[in-house]
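Chemist: Line by line, the protein sequences give chains H and F.
Position one of the first sequence corresponds to residue 533 (my numbering), numbered consecutively onward.
Position one of the second sequence corresponds to residue 331 (my numbering), numbered consecutively onward.
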Amino acid sequence: MKTKESTAAHSKRGWKQRAYQSRYLLMMMFIPFVYLIIFHYIPMYGVQIAFRDYNPYLGILKSPWVGISHFIDFFTSTYFWRLIRNTLAISLLQLLLAFPAAIILALMINDLENKYFQKAVQTIAYLPHFISSVVVAGLVLSVLATRTGIINQARHALGLGEISFMTKSSYFPFIMVLTEIWQNTGWGSIIYLAAMTAIDPALYEAAIVDGASRWQQIRNITLPCILPTIIIQFILKVGGLFTVGYQKILLLYNPQIYENADVIGTYVYRRGLMGLEYSFGAAVDLFNTVLNLLMLLTFNAICRKVSDTSLW
Amino acid sequence: MSIQKLSAGDKAFKAVNGVVLILFCALILYPLLWIVSGSFSDPFALMTGKVHLLPVDPTLKIYKIVFKHPDIWISYRNTIVYTVVGTFISVCLTAMAAYPLSRTEFFGKQFFTAVLMITMFFSGGMIPTFLLVQKLKMLDTIWAIVLPGAMSVYNTIVMRTFFISTIPKELEDSAFLDGANDIQFFWKIVLPLSKAIMAVMVLFYGVGQWNSWFSAFLYMSSRDRYPLQLILREILIQGNTNISGGGGGDNDLIGEGVKFATMVVATVPIMCLYPFLQKYFTKGVMIGSLKG
């Protein structure tokens, strides 16, 4: 009894002492902490409106509790499968095309021997990342425009008919993915290039002595060495499968092509904020967040099992 | 013999690699060049599809129209204010969190790290955040633009990793022996040693704020407080190119040119900074990719 008391007292003193020793660091941390509570944790608490019928006059806590009825409304609505399908179509296409593109570009840049050429390619490839999404969306619309756009001018010159890209919905996923490749392939390659600089040059020297071709060096040295980076990036991408860049879609889409362009994020904005159905919108958004979290956790667990590489 | 054969294969590999990369660069640059050339061309040439690579009948006609537009100037000024204030707040918050989290002896390190990391994987979402901003009476003010997304978890981790790897414990110990406390040490020793990471952060947040449009789109309602990107959205996306003031019939004719010129005007500051951006952004990504 006595020993128990004294250890408790001891640990308590230790606790206070350690906190006191860190008092200046705690003071520094205090402002970001308060910031996080206000702008991140209060909205998390506010997410309960997804289970209520939010009424601005009653406030969050006094609005009537309706359980999961908004979720049921969403799951049974005609839009549910369309939104899931569109969201997945765009992000899977991105995973399939844009994700490997960055890896391939990194391998190609890494293979250049002329440092000036290498530097020039990198400078050009990173450039579009810094252009705002509004300008990129404007650029896409201008490039694809019917009369004045370069694509249709080229088709015209070849004697082909004009295509109205922004009114036919089946083009939309490809437009999104090509835009993503144009804007972010270079940027995405940096992380792989960084991983490649850490590879021991002796490995390549030994391979050359053994008569390995460049292709064999890439396959047997470079790729295995950057595999952990690839896996981490892959987990993060899969974890975001249901996010897609809805802000860019919001800029690019129009009612004529909702059939293929409307995704969960844009739907939350339109129904929830524009349509003032706050509770319904919050429910759809919450569903999306939880889905993403589950995907991330699942894929992280799978990767940890099969490859020893995971986020945590 | 076999070595020679392999090197022939390697030569082919190298050549293909170079050609594909040049094509890739051309594909990236071509639309940009087209926009710039188009903005300096005669509007009529642009409308009839005569601009392919270089400006046709070079003229500043379109820029004269764009610069006459008051919305462009007002929103440009707004964006500068939002970017300066927003970047300052963001960098301060990030540094104040990153430094304590980088110290091994920091009491509550695990707790605060968890508080930070959770926000990366779970959030209240668009609507609860909107209601909060509304409740705080921040709608249609600068605070709605600069506060809700002020602190990026990723950037905080990058900065923390930098502090862990550049500020050794011995330096801290010797400063404490001289009677300094954590805040004095941070202010007098750590900050001067961290100019590179500060530059990275200023550029990360600054470019992000300059290019951002969505929070303004959600929260701002007065047109005279719109940032540049929202005015751009009106012009580029909604096709509201009738900015010559008096309206008139040649709007259709100059419409496309006005779009091109506004894209150029909005992107020029970023492009002027591009050499720094490239250097420091790359550095930031490199630090971020270290396991910290």
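From the three backbone atoms N, C-alpha and C, an ideal C-beta is built for every residue, glycine too.
Report the option in L826(H), R836(H), S839(H), F819(H) whose CA atom is closest to the CA atom of D605(H).
Modeler: Selected option, being the one with the closest Cα: F819(H).
Chemist: Tell me the DSSP secondary structure of R433(F) in three-state form.
Modeler: Three-state result, R433(F): coil.
Chemist: Mind listing the chain H neighbours of Y429(F)? Cutoff is C-beta to C-beta under 9 Å, in chain order.
Modeler: Correct list: L557, M560, M561.
Chemist: Apart from the five residues just before and just after S367(F), which ones in its own chain have a Cβ nearer than 6 Å to its Cβ?
Modeler: So the list reads V381, L384, P385, once near-sequence residues are dropped.
Chemist: Only counting the same chain, and skipping five residues up and downstream in sequence, which positions put a Cβ closer than 6 Å to that of G576(F)?
Modeler: Reliability fails at G576(F), whose pLDDT of 43 lies under 50, so the model's placement of it is uncertain and the value that follows must be treated cautiously. So no residue of the chain qualifies.
Chemist: Which class does R679(H) belong to by DSSP, given the choice of helix, strand or coil?
Modeler: R679(H): coil per DSSP, three-state reduction.
Chemist: DSSP three-state call for W540(F): helix, strand or coil?
Modeler: Of the three classes helix, strand and coil, the one that applies to W540(F) here is helix, per DSSP.
Chemist: Taking the beta carbon of K394(F) as the centre, do at least 16 other beta carbons fall within 10 Å, making it buried, or is it exposed?
Modeler: So K394(F) ends up on the exposed side.
Chemist: I need the straight-line Cα distance from A730(H) to L829(H), nearest angstrom please.
Modeler: Between A730(H) and L829(H), the C-alpha separation is close to 29 Å.
Chemist: Let me make sure I understand the geometry here. Which of Y535(F), I365(F), G585(F), S504(F) has the alpha-carbon closest to that of F418(F)?
Modeler: It is Y535(F).
Chemist: In this structure, does DSSP put W473(F) in helix, strand or coil?
Modeler: DSSP places W473(F) in helix when its eight states are reduced to three.
Chemist: Between the Cα of V520(F) and those of P400(F), T389(F), F442(F), I494(F), spot the shortest distance and give me the residue it belongs to.
Modeler: Out of P400(F), T389(F), F442(F), I494(F), I494(F) has the C-alpha closest to the C-alpha of V520(F).
Chemist: Which of helix, strand or coil does DSSP assign to W844(H)?
Modeler: Of the three classes helix, strand and coil, the one that applies to W844(H) here is coil, per DSSP.
Chemist: If contacts are defined as beta-carbon pairs under 8 Å, then A543(F) and L566(F) qualify, I think. What distance do you get, rounded to the angstrom?
Modeler: Sequence inspection shows Trp at residue 543(F); the Ala mentioned does not correspond to that position. Not a contact, Cβ separation roughly 11 Å.
Chemist: On the criterion of 16 or more Cβ atoms from any shown chain inside 10 Å, does L780(H) qualify as buried, or is it exposed?
Modeler: Before going further, note that residue 780(H) is Lys rather than Leu in the sequence given. Result: buried.
Chemist: Check for me: the alpha helix (DSSP H) holding I567(F) runs from which residue to which?
Modeler: No alpha helix (DSSP H) contains I567(F), which DSSP labels as neither H nor E.
Chemist: State whether the segment 423-433 of chain F contacts the segment 549-557 of chain F, with contact taken as three or more CB pairs (one from each stretch) at a distance under 8 Å.
Modeler: Output reads no: the segment 549-557 of chain F does not touch the segment 423-433 of chain F.
Chemist: Using the beta-carbon of each residue, which ones in chain F are nearer than 9 Å to W597(H)?
Modeler: Chain F residues near W597(H): none, gap ~16 Å exceeds 9 Å.
Chemist: Let me see if you follow: with CB-CB separation under 9 Å, is K499(F) close to chain H or not?
Modeler: So no, K499(F) is outside the interface.
Chemist: In chain order, what residues of the same chain lie with their CB nearer than 7 Å to the CB of V476(F), ignoring the 5 residues before and after it?
Modeler: Excluding residues within five positions, the ones whose Cβ falls inside 7 Å are Y412, V415, G416, I419.
Chemist: State yes or no: is the beta carbon of D470(F) nearer than 9 Å to at least one beta carbon in chain H?
Modeler: It does not; no Cβ of chain H falls within 9 Å.
Chemist: Going by the CB atoms, is the gap between L843(H) and I767(H) shorter than 9 Å?
Modeler: Yes, the pair counts as a contact, with Cβ atoms nearer than the cut-off.
Chemist: Whole angstroms are fine: how far does the CA of A633(H) sit from the CA of L639(H)?
Modeler: So the two alpha carbons sit approximately 10 Å from each other.
Chemist: Shortest alpha-carbon distance to A669(H) belongs to which of Q549(H), Y658(H), L784(H)?
Modeler: Among Q549(H), Y658(H), L784(H), the Cα nearest to that of A669(H) is on L784(H).
Chemist: In angstroms, rounded to a whole number, what distance separates the CA positions of I352(F) and Y648(H)?
Modeler: If you take the alpha carbons of I352(F) and Y648(H), they lie about 13 Å apart.
Chemist: Compare the beta carbon distance of G587(F) and L376(F) with 9 Å and say whether it is the shorter of the two.
Modeler: Yes, the pair counts as a contact, with Cβ atoms nearer than the cut-off.
Chemist: Given a limit of 9 Å on CB to CB distance, which residues of the segment 343-354 of chain F reach chain H?
Modeler: Residues passing the 9 Å Cβ filter: F343, K344, N347, G348, V350, L351, I352, F354.
Chemist: Within 10 Å of its beta-carbon, does A734(H) have 16 or more other beta-carbons around it, so buried, or fewer, so exposed?
Modeler: Exposed.
Chemist: Using beta-carbon positions only, say whether S619(F) and A738(H) come within less than 9 Å of one another.
Modeler: The answer is no: Cβ separation not under 9 Å.
Chemist: Going along the chain, which unbroken runs of the alpha helix (DSSP H) with 4 or more residues stay wholly within the segment 332-416 of chain F?
Modeler: Fully enclosed alpha helix (DSSP H) runs of 4 or longer: 332-370, 373-377, 391-398.
Chemist: Go to Q580(H), then tell me how far its alpha helix (DSSP H) extends in each direction, as first and last residue.
Modeler: Per DSSP, Q580(H) belongs to no alpha helix (DSSP H) and is neither H nor E.
Chemist: Distance check for Y484(F) and R433(F), CA to CA, integer angstroms please.
Modeler: Between R433(F) and Y484(F), the C-alpha separation is close to 18 Å.
Chemist: Looking only at its own chain, which residues have a Cβ that is under 6 Å from the Cβ of N832(H), when we skip the five neighbours before and after it?
Modeler: Taken in chain order, the residues that qualify are I767, S842, L843.
Chemist: Compare the C-beta of D643(H) with all C-beta atoms of chain F and state if any pair is closer than 9 Å.
Modeler: Closer than 9 Å to some Cβ of chain F, the Cβ of D643(H) qualifies, so yes.
Chemist: I think P558(F) touches Y406(F), with their Cβ atoms under 8 Å apart; what is that distance to the nearest whole Å?
Modeler: Going by the sequence as given, residue 558(F) is Leu instead of Pro. Indeed they touch by this definition, with Cβ atoms about 5 Å apart.
Chemist: Taking a cut of 7 Å between CB atoms, which residues from the segment 736-757 of chain H lie near chain F?
Modeler: Against chain F - using a Cβ distance shorter than 7 Å - the residues of the segment 736-757 of chain H are G743, S745, R746, W747.
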